[in-house]
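Counting in our numbering, the sequence shown runs from 178 upward without gaps.
Here a beta-carbon is modelled for each residue, glycine too, at the ideal position from N, C-alpha and C.
Quick caveat: nothing in here was measured; it's all calculated off a predicted structure.
Some notes on the structure that comes next.
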Amino acid sequence: TMEEEVQQLNRSAALFLEVNMGGTAIGTGINADPKYSEKVIPHLRLATGMDIKLARNLIEATQDTSDFVTFSASLKRLAIKLSKTSNDLRLLSSGPRAGLNEINLPPMQPGSTIMPGKVNPVIPEVVNQIAFKVIGNDLTVSLAAEAGQLELNVMEPVMVQSLFESIEMLKNGMKVLTNRCIAGITANEDHCRYTVQHSIGLVTALNPFIGYEASNMIAKEALETGGSVYELVLEKGLLSKEELDRILAPENMIH
(Lines of atoms letter the chains of each structure in order from A; the text may use other names.)
(Lines give C-alpha, C1' and ligand atoms only; values in the text may rest on other atoms or scores of the structure.)
Protein backbone atom coordinates (compact mmCIF):
# COMPACT_ATOMS: atom_id res chain seq x y z
CA THR A 178 0.00 0.00 0.00
CA MET A 179 1.00 3.63 -0.34
CA GLU A 180 0.92 3.88 3.47
CA GLU A 181 3.93 1.55 3.54
CA GLU A 182 5.78 3.91 1.21
CA VAL A 183 5.00 6.90 3.46
CA GLN A 184 6.42 5.02 6.44
CA GLN A 185 9.51 4.00 4.48
CA LEU A 186 10.12 7.58 3.33
CA ASN A 187 9.75 8.87 6.89
CA ARG A 188 12.28 6.34 8.15
CA SER A 189 14.73 7.25 5.39
CA ALA A 190 14.25 11.00 5.84
CA ALA A 191 15.01 10.65 9.56
CA LEU A 192 18.59 9.75 8.63
CA PHE A 193 19.14 13.37 7.57
CA LEU A 194 18.54 14.58 11.13
CA GLU A 195 22.13 13.62 11.96
CA VAL A 196 24.51 16.38 10.86
CA ASN A 197 28.27 16.80 10.79
CA MET A 198 28.08 20.41 11.96
CA GLY A 199 31.47 21.62 13.15
CA GLY A 200 33.38 18.87 11.41
CA THR A 201 34.78 21.38 8.87
CA ALA A 202 36.43 20.00 5.72
CA ILE A 203 36.83 16.29 6.46
CA GLY A 204 35.26 15.85 9.88
CA THR A 205 38.27 16.53 12.07
CA GLY A 206 36.86 19.83 13.34
CA ILE A 207 40.08 21.70 12.62
CA ASN A 208 39.75 25.51 12.76
CA ALA A 209 36.28 25.27 14.36
CA ASP A 210 35.50 26.33 17.92
CA PRO A 211 35.06 23.17 20.05
CA LYS A 212 31.70 24.49 21.26
CA TYR A 213 30.49 25.41 17.77
CA SER A 214 28.26 22.35 17.33
CA GLU A 215 26.55 22.56 20.70
CA LYS A 216 25.78 26.24 20.13
CA VAL A 217 24.55 25.97 16.53
CA ILE A 218 22.44 22.81 16.65
CA PRO A 219 19.82 24.22 19.08
CA HIS A 220 19.30 27.09 16.64
CA LEU A 221 18.86 24.61 13.79
CA ARG A 222 16.26 22.73 15.83
CA LEU A 223 14.41 25.96 16.53
CA ALA A 224 14.51 27.09 12.90
CA THR A 225 13.40 23.75 11.44
CA GLY A 226 11.22 22.31 14.18
CA MET A 227 13.11 19.05 13.74
CA ASP A 228 15.09 16.95 16.19
CA ILE A 229 18.50 17.60 14.62
CA LYS A 230 21.40 15.79 16.27
CA LEU A 231 25.16 15.81 15.99
CA ALA A 232 26.58 12.70 14.35
CA ARG A 233 28.63 10.51 16.68
CA ASN A 234 31.51 10.24 14.21
CA LEU A 235 32.04 13.44 12.22
CA ILE A 236 34.65 11.93 9.91
CA GLU A 237 32.32 9.10 8.96
CA ALA A 238 29.38 11.49 8.56
CA THR A 239 31.45 13.67 6.22
CA GLN A 240 32.80 10.95 3.93
CA ASP A 241 29.81 8.57 3.93
CA THR A 242 26.89 9.54 1.66
CA SER A 243 24.89 6.35 2.15
CA ASP A 244 21.98 8.29 3.67
CA PHE A 245 21.43 9.88 0.25
CA VAL A 246 21.47 6.41 -1.29
CA THR A 247 18.95 5.09 1.22
CA PHE A 248 16.54 7.98 0.73
CA SER A 249 16.88 7.78 -3.05
CA ALA A 250 16.08 4.07 -2.90
CA SER A 251 12.90 4.87 -0.97
CA LEU A 252 11.89 7.36 -3.66
CA LYS A 253 12.58 4.75 -6.32
CA ARG A 254 10.50 2.21 -4.43
CA LEU A 255 7.57 4.65 -4.34
CA ALA A 256 8.02 5.43 -8.04
CA ILE A 257 7.99 1.74 -8.95
CA LYS A 258 4.79 1.13 -7.00
CA LEU A 259 3.10 4.15 -8.61
CA SER A 260 4.22 3.01 -12.04
CA LYS A 261 2.94 -0.51 -11.45
CA THR A 262 -0.41 0.93 -10.33
CA SER A 263 -0.49 3.05 -13.48
CA ASN A 264 0.20 -0.06 -15.57
CA ASP A 265 -2.80 -1.73 -13.92
CA LEU A 266 -5.01 1.26 -14.71
CA ARG A 267 -3.91 1.25 -18.34
CA LEU A 268 -4.60 -2.47 -18.66
CA LEU A 269 -7.96 -2.43 -16.88
CA SER A 270 -9.14 0.49 -19.02
CA SER A 271 -7.95 -1.00 -22.32
CA GLY A 272 -10.58 -1.54 -24.98
CA PRO A 273 -13.46 -1.10 -25.35
CA ARG A 274 -13.59 -3.99 -27.84
CA ALA A 275 -10.12 -5.53 -27.81
CA GLY A 276 -9.16 -5.01 -24.17
CA LEU A 277 -10.33 -5.68 -20.63
CA ASN A 278 -12.63 -2.63 -20.50
CA GLU A 279 -13.34 -3.07 -16.79
CA ILE A 280 -12.94 0.60 -15.88
CA ASN A 281 -13.14 4.00 -17.56
CA LEU A 282 -10.48 6.64 -17.01
CA PRO A 283 -11.48 10.31 -17.29
CA PRO A 284 -10.71 11.51 -20.84
CA MET A 285 -8.06 14.23 -20.76
CA GLN A 286 -7.57 14.92 -24.47
CA PRO A 287 -8.49 13.60 -27.92
CA GLY A 288 -6.46 10.43 -28.31
CA SER A 289 -5.77 10.59 -32.02
CA THR A 290 -6.01 12.90 -35.02
CA ILE A 291 -6.96 9.98 -37.28
CA MET A 292 -9.09 7.79 -34.98
CA PRO A 293 -12.19 9.63 -33.69
CA GLY A 294 -13.30 8.66 -30.20
CA LYS A 295 -9.94 7.25 -29.18
CA VAL A 296 -8.99 8.03 -25.57
CA ASN A 297 -5.46 7.50 -24.30
CA PRO A 298 -4.59 6.84 -20.62
CA VAL A 299 -2.34 9.91 -20.59
CA ILE A 300 -2.24 10.46 -16.82
CA PRO A 301 -1.01 6.94 -16.00
CA GLU A 302 1.46 7.31 -18.87
CA VAL A 303 2.79 10.51 -17.30
CA VAL A 304 3.30 8.70 -14.00
CA ASN A 305 5.11 5.87 -15.81
CA GLN A 306 7.52 8.39 -17.32
CA ILE A 307 8.05 10.13 -13.98
CA ALA A 308 8.99 6.74 -12.54
CA PHE A 309 11.54 6.21 -15.31
CA LYS A 310 13.16 9.55 -14.42
CA VAL A 311 13.18 8.78 -10.69
CA ILE A 312 14.80 5.40 -11.34
CA GLY A 313 17.41 7.17 -13.46
CA ASN A 314 18.03 9.72 -10.73
CA ASP A 315 18.49 6.88 -8.24
CA LEU A 316 21.22 5.46 -10.45
CA THR A 317 22.84 8.91 -10.56
CA VAL A 318 22.82 9.09 -6.75
CA SER A 319 24.28 5.59 -6.50
CA LEU A 320 27.11 6.33 -8.92
CA ALA A 321 27.83 9.68 -7.28
CA ALA A 322 28.02 8.05 -3.85
CA GLU A 323 30.41 5.44 -5.23
CA ALA A 324 32.58 8.14 -6.82
CA GLY A 325 33.66 9.62 -3.49
CA GLN A 326 37.35 9.44 -2.65
CA LEU A 327 38.99 9.17 0.76
CA GLU A 328 37.47 11.57 3.34
CA LEU A 329 35.35 13.70 1.00
CA ASN A 330 32.72 13.21 -1.68
CA VAL A 331 32.63 16.15 -4.08
CA MET A 332 29.68 14.64 -5.97
CA GLU A 333 27.06 15.66 -3.40
CA PRO A 334 25.65 18.50 -5.57
CA VAL A 335 24.33 16.08 -8.21
CA MET A 336 22.97 13.81 -5.47
CA VAL A 337 21.00 16.65 -3.92
CA GLN A 338 19.80 17.91 -7.31
CA SER A 339 18.64 14.41 -8.28
CA LEU A 340 16.80 13.91 -5.00
CA PHE A 341 14.98 17.24 -5.18
CA GLU A 342 14.05 16.62 -8.81
CA SER A 343 12.65 13.19 -7.94
CA ILE A 344 10.72 14.58 -4.96
CA GLU A 345 9.18 17.36 -7.04
CA MET A 346 8.22 15.07 -9.91
CA LEU A 347 6.68 12.47 -7.61
CA LYS A 348 4.79 15.12 -5.65
CA ASN A 349 3.29 16.63 -8.80
CA GLY A 350 2.68 13.24 -10.39
CA MET A 351 0.75 11.91 -7.40
CA LYS A 352 -1.43 15.02 -7.29
CA VAL A 353 -2.26 14.72 -10.98
CA LEU A 354 -2.87 10.97 -10.73
CA THR A 355 -5.22 11.45 -7.78
CA ASN A 356 -7.16 14.48 -8.98
CA ARG A 357 -7.28 13.96 -12.73
CA CYS A 358 -7.45 10.19 -12.95
CA ILE A 359 -8.31 8.14 -9.87
CA ALA A 360 -11.01 10.54 -8.62
CA GLY A 361 -12.91 10.16 -11.90
CA ILE A 362 -12.62 6.40 -12.49
CA THR A 363 -15.89 4.57 -13.13
CA ALA A 364 -16.49 0.84 -13.36
CA ASN A 365 -18.21 -0.92 -16.25
CA GLU A 366 -20.28 -2.98 -13.84
CA ASP A 367 -22.37 -4.88 -16.39
CA HIS A 368 -19.28 -5.87 -18.37
CA CYS A 369 -17.42 -6.91 -15.22
CA ARG A 370 -20.39 -8.98 -14.06
CA TYR A 371 -20.67 -10.66 -17.47
CA THR A 372 -16.94 -11.41 -17.49
CA VAL A 373 -17.08 -12.99 -14.04
CA GLN A 374 -20.17 -15.04 -14.81
CA HIS A 375 -18.62 -16.34 -18.04
CA SER A 376 -15.24 -17.02 -16.50
CA ILE A 377 -14.34 -20.70 -16.54
CA GLY A 378 -12.22 -20.00 -13.48
CA LEU A 379 -15.42 -20.03 -11.39
CA VAL A 380 -15.23 -23.82 -11.28
CA THR A 381 -12.30 -23.43 -8.86
CA ALA A 382 -14.69 -22.07 -6.23
CA LEU A 383 -17.25 -24.79 -7.01
CA ASN A 384 -14.81 -27.68 -6.72
CA PRO A 385 -15.34 -28.24 -2.94
CA PHE A 386 -19.13 -28.37 -3.47
CA ILE A 387 -19.66 -30.38 -6.67
CA GLY A 388 -16.40 -32.31 -6.83
CA TYR A 389 -13.46 -32.33 -9.22
CA GLU A 390 -15.04 -34.48 -11.95
CA ALA A 391 -18.21 -32.40 -12.19
CA SER A 392 -16.18 -29.18 -12.11
CA ASN A 393 -13.96 -30.47 -14.91
CA MET A 394 -17.01 -31.44 -16.99
CA ILE A 395 -18.58 -28.02 -16.50
CA ALA A 396 -15.34 -26.26 -17.46
CA LYS A 397 -14.96 -28.26 -20.68
CA GLU A 398 -18.57 -27.72 -21.72
CA ALA A 399 -18.39 -23.99 -20.99
CA LEU A 400 -15.24 -23.73 -23.09
CA GLU A 401 -16.73 -25.70 -26.00
CA THR A 402 -20.18 -24.08 -26.06
CA GLY A 403 -19.40 -20.57 -24.84
CA GLY A 404 -21.98 -21.00 -22.09
CA SER A 405 -21.49 -19.67 -18.59
CA VAL A 406 -20.43 -21.85 -15.68
CA TYR A 407 -23.25 -20.34 -13.64
CA GLU A 408 -25.97 -21.34 -16.11
CA LEU A 409 -24.55 -24.81 -16.77
CA VAL A 410 -24.45 -25.66 -13.06
CA LEU A 411 -28.12 -24.65 -12.73
CA GLU A 412 -29.15 -26.51 -15.89
CA LYS A 413 -27.60 -29.73 -14.66
CA GLY A 414 -29.13 -29.35 -11.21
CA LEU A 415 -25.79 -29.58 -9.46
CA LEU A 416 -26.64 -26.74 -7.10
CA SER A 417 -29.65 -24.55 -6.38
CA LYS A 418 -29.61 -20.89 -7.35
CA GLU A 419 -29.44 -19.90 -3.69
CA GLU A 420 -26.47 -22.18 -3.06
CA LEU A 421 -24.69 -20.99 -6.19
CA ASP A 422 -25.22 -17.31 -5.38
CA ARG A 423 -23.89 -17.85 -1.87
CA ILE A 424 -20.80 -19.72 -3.05
CA LEU A 425 -19.97 -17.22 -5.78
CA ALA A 426 -20.61 -14.08 -3.73
CA PRO A 427 -17.39 -12.03 -3.93
CA GLU A 428 -17.12 -11.70 -0.16
CA ASN A 429 -17.19 -15.51 0.16
CA MET A 430 -14.44 -15.97 -2.43
CA ILE A 431 -11.95 -13.73 -0.64
CA HIS A 432 -10.17 -14.87 2.51
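Buried/exposed call for residue i, threshold 16 Cβ in 10 Å
i, result
"D367", "exposed"
"L269", "buried"
"I291", "exposed"
"T239", "buried"
"G199", "buried"
"V337", "exposed"
Own chain residues within Cβ distance below 8 Å of residue i, not counting five before or after
i, result
"T205", "L235, I236"
"T201", "I207, N208, A209"
"E333", "T242, F245, A321"
"N393", "V380"
"K348", "none"
Among the options, nearest to residue i - alpha-carbon criterion
i, options, result
"E428", "A382, H220, M332, M394", "A382"
"E398", "A324, L409, E390", "L409"
"R274", "K261, G294, D315", "G294"
"K261", "L354, G199, S405", "L354"
"L340", "A250, G378, R188, K413", "A250"
"E195", "N264, P211, I229", "I229"
"V318", "G388, T247, L379", "T247"
"R433", "A396, E420, P298, R423", "For the chain, the structure presents residues 178 to 432; residue 433 sits outside this window and is missing."
"I387", "E420, E401, S376", "E420"
"G378", "M227, L425, E342", "L425"
"P385", "S343, I359, M430", "M430"
"M179", "Y213, T225, L192, R254", "R254"
"L316", "S214, S343, L327, Q326", "S343"
"D422", "E401, L400, R370", "R370"
"V335", "G313, K348, N349", "G313"
"E279", "E412, T372, E181, T402", "T372"
"I173", "Q185, M285, E181", "The structure shown does not extend to residue 173, since the chain is modelled only from 178 to 432, so the question has no answer here."
"L400", "K418, Y389, E412, S376", "S376"
Residues of its chain near residue i, where Cβ-Cβ distance is below 7 Å and the 5 sequence neighbours each way are ignored
i, result
"K310", "M346"
"L415", "I387, A391"
"I395", "V380, V406, L409, V410"
"S289", "K295"
"G137", "The structure shown does not extend to residue 137, since the chain is modelled only from 178 through 432, so no value can be given for it."
Where the alpha helix (DSSP H) containing residue i begins and where it ends
i, result
"E182", "179-190"
"V331", "Premise fails: V331 is in no alpha helix (DSSP H) and is neither H nor E."
"S263", "243-269"
"L409", "406-412"
"G313", "299-323"
"R423", "418-425"
"V396", "At residue 396 the sequence reads Ala, which differs from the Val that was named. Its alpha helix (DSSP H) spans residues 389-402."
"K216", "213-225"
"T239", "235-240"
"H368", "366-374"
Whole-Å CB distance - residue i paired with residue j, under 8 Å assumed
i, j, result
"I203", "N281", "59 Å between Cβ atoms; not a contact."
"L259", "M351", "7 Å"
"V304", "S263", "4 Å"
"A256", "I307", "7 Å"
"S214", "L231", "5 Å"
Other residues of its chain near residue i: CB distance less than 6 Å, five sequence neighbours each side excluded
i, result
"Y407", "Q374"
"G404", "none"
"P283", "G361"
"N330", "T242"
"V217", "M198"
"P301", "S263, L266, R267"
"H220", "none"
"S189", "T247, F248, S251"
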